[in-house]
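Residue numbers (full-length UniProt numbering): 1 to 1062.
Accompanying notes for the structure given below.
This is the structure we're talking about:
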C-alpha cells in the first residue's frame, strides 16, 4: 500500500518539473524572438540612420556656395530626416554644416533655392515654421555649452549667432528684395517675430545672459565686436518688435541689463548697440517700468543683491552716456526715484557687522549674500560705472540744476556772523522783536515747496548711496565736495531757508517727523557728511587764508546752527535718547559740529564764548544733571562745550570726589593704616618711585600716598607728608622723567613733549611709560598742576579723540613738525607731475647712525607717489609720524593714565583744555585772587609793609612773564589753577624767614610779637627769598627797603633758585 503512494508522489513531481521546463523553454524562446526583433530593429534603425546621415553628408556640403545650392524643398526633406535622428554630441559638426547651409541659402534670390521658399508652399508652411523653431532652439542648446574663452569655440559661437540673427529678421533675406516679393515682407516680419516669441518663451534670454557672463565677466574680455553686437541684436529684437512692453522690458532688465559692466563694454566694443537703445528710448521706458514699485520689486527679487547692483551700474552709465536728453527730461523725478529705490533695495542686504551669515563685498561692505566668482573680476569696472553717479556732469544735471532753480531769487550775499543772544533780558527782547520783523520782510525758501522738495529728493538719492555703497563712501563724498560749487550751493540753499539756516523750520518738522524720514532731512545729512569730509581735508592755508568758497564767517554761522539745532533737539526730546547715537541725522550733524569744534580748538576762528548756549541756565542744567535727567546727561556726553569751561572743571573735580567717596579713599578714611607709605631716596627718586608704585593697584594709587624722604646722608628727613611732600615727590618725578635727555620724550620746535620713537634704548621703556602715565594721572586726579607742555597731537591720542569719526592726523601735524606739514602741503598743492619729485610710499630714518626704511603701505618702497595717490601719501606720512612710530609708547602711557583718570571724564575737555587741566590756566596771573587766598606766617600779615611792597612790585614793576616766573618759583608751575587760587593745594603762603620754619604755625599773637621785633632787626640785604614748592610757600626776609625786595626777588625768580638759596 505504501509503495503505491510513493510512486504517485514521484510521478507528480516529475510532471511538475516537466511542466516548468516547458514553460522555461517557451520563455527562452519568446525572449530570443524579442531580442532578435530588437536587434533587427536596431540594425534597421542604424542602417536607416546611416543612410540618412550619408544622404545628409552627401547633399549638405561644408563649403557650399550660392551657385552650388540645390532645390530648397529637396534639402528641406533631407534636413527634416536628419533632425529626426539628431544627437547633440554626435552631430555637432553636421549641425554647424546645416547652419552654414541655411545662412548661405538666404542669399539666393529665387524661392526654389532659398530655404525661405519652402515656407511659401501651403503644403509645408506650418511644418516649416515648427522646423525652423526647432533648429533655432537647437542653436541655443549648443550655445549653452560653448565657452567664449576657448579659442576653438569662437567660430562655432559666431556661426550659431549668425544663424539666429539671420532667421529672426528679414534683413538678410535676398528673396524678399525682389519687387514681386515685396508684399510678403510684412508677413515674413511677423513670422520672424513669431520665431523670436517662441525662443523667448523657452528661455532664449537665459542663453544670451550665460554667453554674456562667460564672455564679459572676466579680467580679459573674450567676446569680440561681432559676437557682442549679434547678442545685443538678438536681445533687443523682441523688445523693439513688441513695442517695449512692460513684460519684455522687465525680462530684458533681469537677464541682459544685469550683466556686469555690459554698457561699458558696449560703449567700447559695439557703440552702435548704444545707438539702438537710444533710438528705441529703452532707458526712458525702463525708468517708467521701474518707477512702478511692484515692477521694481519683481525685478529686484529676481536678481537679488549682486546682480541688482550690476543693473544699477548699467542704468547709471547709460544715463551718463545719454545725459543730455535723459537727465534733463527724466532726471527728476523718474531717474532720481528709480535709482534711490534700487539703492534702498540693495541696502536691505547690507549688514552692519560681520557674522557667520555675512560675506565681504568690495562695494557694499558686509553683505547678506555671497558674491559670484564671475563677479570678482568685473567688480572694479562696476565701481567705475557707479562713480559716474557722482561725476561732474551727472551731479550738475541733477543736484546742480535743482539748487540753481531753488536759489534763483537769492543773490550770493556775504554772510555776517549771527550774534549769540544777549544775557540781558531787555536787550534780548528787543533783539527778538527786531529779528522777527526782519524775518517777516526777508525772502526765504520754505520746506515743502516744489523747489525744496526737488532738492530734498535728489539729496536723498546721494544720502542713500552713502549708506548703501559703504566701501565707496569717501569717493562719493569727494565727488560731491569737489564738483564745481555744489557744496557751497547746498550751503546757500540752507541759508535761504531763513535765520540760522531755517532752524525753526527744521525743528518744527522734527516735531512732527521724529523718525527723520522726511526727505528734507536728507539735505541736512548730506550737507553735514560732505562738509565734514571737506573740512577734514582742508589745510590751514585753504581754511584760514584763502577762504574759498567758504569764509570763516560761514563756519561760524554753520557751527551756530548745528549747536542750537542739536541742543534744542536733545533738550526738547526730539531725538530718542536711547537711540540718539545711532540716529543718522544726529550722528551726521554732531560729527560735523565736533570737526568744527576741534578745528577751532586747535586754531581759533570764533569769538570767545561762541560755543556756549547763552539761553541755558547753568545752575538749572547742573541741578538736572544731579537728578539724572537723560537729556542733560546726553548733552554733557555729546556736547560738553556748551557748558563754560570752569563748570566742567568743577564737574571733573566732583567726579573725582565722588569716586573717592565710593571707594573709601578720602583723607579721613585713609587716615588709618589704609594709606600707602613709600620711602624715597633723594638720589634716586624715579627708581624708588617706580619700584614701589608701578605695581600698586590703581585703586590704591588713587588713595592717599604718604612719602618719607631719605636725604643724601641716608637720614630720614623730618616729617612724613604734611600735604606737600607727596606733591614735591610728584613734581620731582615728573620733572625728571620728562627731561628729554632721558630719551623717553622728545621736544618739538615749540618745546612741547611727545614720546621718543627711540625710547626703546631705555630698559623696560614701555613699563616706564605706563608708570609716567599713572603719575601724571595721579597729579590730575589730585588737582596738582605740573608745568609739562605736551604736543597737542599726543594729548589728542591720550583723550581718545583720534578714535572719533574722520579724525585727521594731517590736521594736527603742525603740533609735531611744522616743516614737515609745510612740505606735505607743498606736495598737495604741487601743480606739476608729483612723480618728478621722486617720492615713494616709504620713510628713511636715521636710527643710531643706521639708515632704516619704513614702508607706509605694504610694498611702499617701490610704489611711487603720483598725482592720483598724493593725498593718500600725505595722510599716511602724517599717520606714520604721529601714530605708527610711537604707538607702543603712547599705548603704554595711555594705559597708565586711564587707570587713574576715567576716559569719560576726559571727554569733557578739548585737547587744549586737557593741557590746561594738567598744567593750569593759560591766563594772566590774577594778583587780586592770589592775594585774597594767601596765608601769612612768621609775623607777616596782609597789612605788613613788606607784604604791601610785594603786591605792589608784582602789580606795577614786574612784567607778565616775571609774574609767571614768580608763580613758578613758589608753586613749581607758571600757570594758575583752573578754578583760581581758592583751589590751590596747599594754599599759597608767605613766611617771614627770621622765624624758624618749625617754630610758627600761623598768624598768632606770638607771631605778631615776633614780627614786631624782627622789624627792628638789621636789613637782611644779602639774603635772597626762597621757596618750598611742595608747600607752595614763599620764604621772604623782612627787607627794610622796597628796592631791596624788588632786586632780590627779581634775581631769585630769574635764577630759579628754589630750595634755601641764600
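Beta carbons are placed, not taken as given, at the ideal position from N, Cα and C, and that holds for glycine.
Only a predicted model underlies this, so the values are computations on that prediction, with no experimental measurement involved.
Cβ atoms of residue j and residue i: under 9 angstroms apart, would you say?
{"i": "residue 293", "j": "residue 468", "result": "no"}
{"i": "residue 505", "j": "residue 332", "result": "no"}
{"i": "residue 834", "j": "residue 867", "result": "yes"}
{"i": "residue 466", "j": "residue 456", "result": "no"}
{"i": "residue 598", "j": "residue 910", "result": "yes"}
{"i": "residue 828", "j": "residue 539", "result": "yes"}
{"i": "residue 874", "j": "residue 824", "result": "yes"}
{"i": "residue 895", "j": "residue 782", "result": "no"}
{"i": "residue 305", "j": "residue 364", "result": "yes"}
{"i": "residue 1068", "j": "residue 96", "result": "A question about residue 1068 goes unanswered here, because the residues of the chain that appear run from 1 up to 1062."}
{"i": "residue 534", "j": "residue 605", "result": "no"}
Which term fits residue i, buried or exposed, when burial requires 16 or more other beta carbons within 10 angstroms of its beta carbon?
{"i": "residue 325", "result": "exposed"}
{"i": "residue 9", "result": "exposed"}
{"i": "residue 463", "result": "buried"}
{"i": "residue 1046", "result": "buried"}
{"i": "residue 495", "result": "buried"}
{"i": "residue 502", "result": "buried"}
{"i": "residue 207", "result": "buried"}
{"i": "residue 173", "result": "buried"}
{"i": "residue 628", "result": "exposed"}
{"i": "residue 1022", "result": "exposed"}
{"i": "residue 575", "result": "buried"}
{"i": "residue 201", "result": "exposed"}
May I have the straight-line CA-CA distance separating residue i from residue j, to the nearest angstrom?
{"i": "residue 53", "j": "residue 84", "result": "11 angstroms"}
{"i": "residue 390", "j": "residue 408", "result": "23 angstroms"}
{"i": "residue 858", "j": "residue 638", "result": "37 angstroms"}
{"i": "residue 528", "j": "residue 589", "result": "6 angstroms"}
{"i": "residue 272", "j": "residue 255", "result": "20 angstroms"}
{"i": "residue 1011", "j": "residue 938", "result": "Below a pLDDT of 50, predicted positions are generally treated as unreliable, and residue 1011, at 49, falls in that range; the measurement from the model is reported next regardless. Looking at the two C-alpha atoms, the distance is approximately 6 angstroms."}
{"i": "residue 289", "j": "residue 301", "result": "15 angstroms"}
{"i": "residue 1001", "j": "residue 733", "result": "With a pLDDT of only 41 at residue 1001, under the threshold of 50, the placement of this residue in the model should not be trusted; the figure read from the coordinates follows. Going from the Cα of residue 1001 to the Cα of residue 733 covers about 29 angstroms."}
{"i": "residue 509", "j": "residue 476", "result": "28 angstroms"}
{"i": "residue 1028", "j": "residue 891", "result": "35 angstroms"}
{"i": "residue 593", "j": "residue 583", "result": "15 angstroms"}
{"i": "residue 472", "j": "residue 361", "result": "11 angstroms"}
{"i": "residue 335", "j": "residue 319", "result": "9 angstroms"}
{"i": "residue 295", "j": "residue 37", "result": "59 angstroms"}
{"i": "residue 56", "j": "residue 86", "result": "11 angstroms"}
{"i": "residue 171", "j": "residue 383", "result": "38 angstroms"}
{"i": "residue 246", "j": "residue 883", "result": "58 angstroms"}
{"i": "residue 131", "j": "residue 226", "result": "27 angstroms"}
{"i": "residue 547", "j": "residue 577", "result": "37 angstroms"}
Would you list the one or two residues that DSSP bridges to residue i?
{"i": "residue 753", "result": "747 and 790"}
{"i": "residue 935", "result": "989"}
{"i": "residue 846", "result": "851"}
{"i": "residue 367", "result": "350 and 359"}
{"i": "residue 709", "result": "680"}
{"i": "residue 46", "result": "None, per the DSSP bridge assignment."}
Here's a check: name, in chain order, each residue in its chain whose Cβ is nearer than 7 angstroms to the Cβ of residue i, leaving out the five neighbours to either side.
{"i": "residue 852", "result": "845"}
{"i": "residue 740", "result": "746 and 747"}
{"i": "residue 756", "result": "743, 744, 745 and 746"}
{"i": "residue 323", "result": "393, 394 and 397"}
{"i": "residue 66", "result": "104, 107 and 108"}
Skipping 5 residues on each side, what residues in its chain have a beta carbon closer than 6 angstroms to that of residue i?
{"i": "residue 777", "result": "897, 900 and 901"}
{"i": "residue 209", "result": "255"}
{"i": "residue 1035", "result": "991, 993 and 1026"}
{"i": "residue 886", "result": "755 and 757"}
{"i": "residue 1044", "result": "1021"}
If I measure Cβ to Cβ from residue i and keep anything under 8 angstroms in the same chain, skipping five residues before and after, which residues do I get?
{"i": "residue 731", "result": "784, 786, 972, 1029 and 1030"}
{"i": "residue 175", "result": "106, 108, 109, 110, 111, 114, 116, 117 and 181"}
{"i": "residue 81", "result": "52, 55 and 56"}
{"i": "residue 751", "result": "789"}
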